[in-house]
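For reference, each letter of the sequence shown is one residue, going 78 to 449 in the numbering used here. The block underneath contains the structure these notes are about, expressed in structure tokens.
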Amino acid sequence: MKHFRQLCTAGLLSMSMCALPACAQILIGQTAGISGPVAAGVAEAITGAQLVFDSVNAQGGVNGEQIEVIRLDDGFDVKRAGENARVLIEEKKVVAMFLSRGTPHTQAILPWLDKHGVAIVGPSTGAMVLHKPVQKHVFNVRPTYQREAEKAVQHLRTVGMERIAVVHAADSFGKDGLDGANTGFAKAKLQPVAVIPADREKPDYTAILQALAKANPQAVLWIASGDAVVDGVKGLRAAGSAAQVVTLSNNASSGFIKQLGTASSGVIVTQVFPSERSSAQPMVKEAMALAKAKNQTELSPQMLEGFAAAKVMVEALRRAGPKPTRAKVVASLDGLRNFDLGGGLDINYSSTDHSGIDFADLSIISEGRFKR
78 MKHFRQLCTA GLLSMSMCAL PACAQILIGQ TAGISGPVAA GVAEAITGAQ
128 LVFDSVNAQG GVNGEQIEVI RLDDGFDVKR AGENARVLIE EKKVVAMFLS
178 RGTPHTQAIL PWLDKHGVAI VGPSTGAMVL HKPVQKHVFN VRPTYQREAE
228 KAVQHLRTVG MERIAVVHAA DSFGKDGLDG ANTGFAKAKL QPVAVIPADR
278 EKPDYTAILQ ALAKANPQAV LWIASGDAVV DGVKGLRAAG SAAQVVTLSN
328 NASSGFIKQL GTASSGVIVT QVFPSERSSA QPMVKEAMAL AKAKNQTELS
378 PQMLEGFAAA KVMVEALRRA GPKPTRAKVV ASLDGLRNFD LGGGLDINYS
428 STDHSGIDFA DLSIISEGRF KR
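Spelled out as structure tokens, the structure:
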């Protein structure tokens, strides 16, 4: 984590270093929760992305220009995310936005993208609202939360669990995941034993745990982010519940496992990229090689998400040509076809589809690691 904090600090410092006219750089903007409840996952995603950017810059950049990412910390606060986007687009004049974190946070960025014709690549959210109807300036890299939640319910039904409760953040992200879960319940011909909304900022764990105790579920699908899930799972275990817990890929970080501590064992986390230890998988192999060159010994799912998003960003800049404009970046993304991230993970965009790859899997936390 020390390395992650240093990297994020370096990203913030880059604003002052590259404010001079002499900097011949392509400026990319990012607002995300560098501090706050999702900081661990954000740091890992940034680290994965930086593997790509640093490698490209070391080889001369894109069309002779270095890529510089200007990062602003929104603390996982929706209003700050929107204001950061305004600053990055209107004041810092970034050519594109990149790797935001959170569904309502990305929604807060949309008006600024549309106003100025700026693309965002790889928002770290699987919200359906960013897929359908197509958002002109949003280019997703990861699949939808709805597919993840549906797959989670189907898995639980397959292993014989019928008493399934859902705890979901009371925001657009939580509602989106709940919609996917409901699709899974319908296909499994089941009804959830409890559906419990939870305040995103300050979940009432006493009320949540009481409702779960009353429902007595075999499994709990917990659709929330970072600390909210960590504290909920710890509370569930402290209350004596052995219910199977499943959560979504927004929590697929090494930091999430560390925060859970002894409560992590057996928690199922959906995944939207191949296993970070699949050394035969070309994208993973490439990421591993770049990480080792920086003396980083392990990858995490969040690092792979950042890595994949950065590869798409770089390819869009290459295709946009020398001195890329905002309009040229959008056009190059709309024309991106059969771009292989590695091992058949193809990115295909068009003016009517910005969905990115289609991949979903399950992992279980065991011995402090994600295992599949």
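Heads up, the beta-carbon is just placed ideally off N, CA and C, and yes, glycines get one too.
Going by C-alpha positions, MET360 is about 43 Å away from ALA292. Within the same chain, ARG240, ILE241, ALA242, VAL270, ALA271, ALA320 come within 8 Å of PRO294 by CB-CB distance, once the 5 residues on both sides are set aside. Assigned with DSSP and collapsed to three states, THR347 falls in strand. Per DSSP, reduced to three states, the secondary structure at ASP150 is strand. Rounded to whole angstroms, the gap between the alpha carbons of VAL322 and LYS311 is 11 Å. In this structure, DSSP gives PHE333 a helical state, which the three-state scheme calls helix. Judged by their CB atoms, MET174 and GLN107 are nearer to each other than the 8 Å cut-off. Within the same chain, Cβ atoms closer than 8 Å to the Cβ of GLU225 are found at GLY203, GLY254, GLY257, LEU325, SER326, THR347, VAL349, ALA437, the five residues on either side in sequence being excluded.
A direct Cα-to-Cα measurement between ALA370 and SER356 gives close to 16 Å. Of the candidates ALA275, ASP411, PHE333, VAL230, the residue whose Cα lies closest to the Cα of GLY303 is PHE333. Rounded to whole angstroms, the gap between the alpha carbons of LYS228 and LEU381 is 21 Å. Under DSSP, MET174 forms a beta bridge with GLY106, ILE197. Short of 6 Å from the beta carbon of ASP423, and not among the five residues preceding or following it, lie these beta carbons of its own chain, in chain order: ASN415, ASP417. LYS209 and ARG178 have their C-alpha atoms roughly 19 Å apart. By the Cβ rule, the region 109-126 does not count as touching the region 165-174, because fewer than three pairs are nearer than 8 Å. When DSSP states are grouped into helix, strand and coil, PHE436 belongs to the coil group. With three or more CB-CB distances shorter than 8 Å, the region 335-347 counts as touching the region 429-447. Taking 8 Å as the cut-off, the beta carbon of GLY199 is found no closer than this to the beta carbon of LEU233. Membership of LYS405 in any beta strand (DSSP E) is not indicated; the residue belongs instead to the alpha helix (DSSP H) covering 403-411.
Excluding its 5 nearest sequence neighbours in each direction, ALA296 has C-beta neighbours in its own chain below 7 Å: LEU233, MET238, ILE241, ALA320, GLN321, VAL323, listed in chain order. TYR426 and ALA288 have their C-alpha atoms roughly 43 Å apart. Pairing ASP151 with ASN161, the inter-Cα distance amounts to about 7 Å.
Our two residues, GLY383 and SER352, have alpha carbons roughly 14 Å apart in a direct line. Between PHE216 and ALA196, the C-beta spacing is below 8 Å. For THR124, the enclosing alpha helix (DSSP H) stretches over residues 116-135. Nearest to SER428 by C-alpha distance, out of ASP411, HIS245, GLY421, is ASP411. In this structure, the CA atom of SER432 is about 8 Å from the CA atom of ARG219. In this structure, the CA atom of ARG314 is about 42 Å from the CA atom of ASP131. SER443 sits in a strand when the DSSP states are folded into three classes. Following the DSSP letters along the chain, one finds LEU298 inside the beta strand (DSSP E) bounded by residues 296-300.
GLN336 and VAL119 have their C-alpha atoms spaced approximately 14 Å apart.
Judged by beta-carbon spacing, ILE103 lies within the 8 Å limit of VAL172, meaning their Cβ atoms are closer than that value. Here ILE300 has TYR222, ALA226, VAL243, VAL244, HIS245, ALA246, PHE250, GLY251, GLY254, LEU255, ALA258, THR324, LEU325 as same chain residues with Cβ atoms under 8 Å from its own Cβ, once five neighbours each way along the sequence are excluded. The Cβ-Cβ distance between LEU376 and ALA364 falls below 8 Å.
Its chain contains GLN212, HIS214, VAL215 as the residues whose beta carbon lies nearer than 8 Å to that of LEU187, once the 5 sequence neighbours on both sides are disregarded; these appear in chain order.
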